[in-house]
Amino acid sequence: MKRPKQFEIRPAHVEDVPIILELIRDLATYERAPNEVTATEEQLVDVLFGERQAAEVILAFEGQSPVGFAVFFIIFPPGWGGPGFTSKTCS
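Quick look at the structure:
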């Protein structure tokens, strides 16, 4: 009998930044825009884990291999009169 695949979904940690950047680059390549990625690991550390955190990331793994991510961040559309929430799911 075939063994079921093991999946894990968890919040990203600062040590996951190289994985996050790799997934961002993979997505850009898939979307035929690999040259559009200008982010660096240092920038991601700052925006995701710095003093003024601007977004959160959740990672998905199949076994030990990263297979997807989702980015969550607050937005403030003026017409809403308050903050909103949005996400970008990528796999």
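Be aware that the sequence shown starts at 1367, since it is given in my numbering, and climbs by one per residue. We put the beta carbon where it would ideally sit given N, CA and C, even for glycine. Nothing here was measured: the structure is a model prediction, and the numbers come from that model.
If you look at A1405, you'll find it isn't in any alpha helix (DSSP H); DSSP assigns it neither H nor E. The beta-carbon separation of F1439 and A1420, rounded to 6 Å, stays under the 8 Å limit for a contact. Pairing L1414 with V1433 gives a Cβ-Cβ distance that is not under 9 Å.
According to the DSSP assignment, V1383 belongs to the alpha helix (DSSP H) that extends over V1383 to Y1396.
Close CB contacts of E1402 within its chain, under the 6 Å cut and outside five residues either way in sequence, are with A1394 (chain order). Contact between L1387 and A1405 is confirmed by a C-beta separation of about 6 Å, below the 8 Å threshold. E1422 is not a Cβ neighbour of Q1372, given a cutoff of 9 Å. Counting along the chain, the unbroken beta strand (DSSP E) around F1439 starts and ends at S1431 to I1441.
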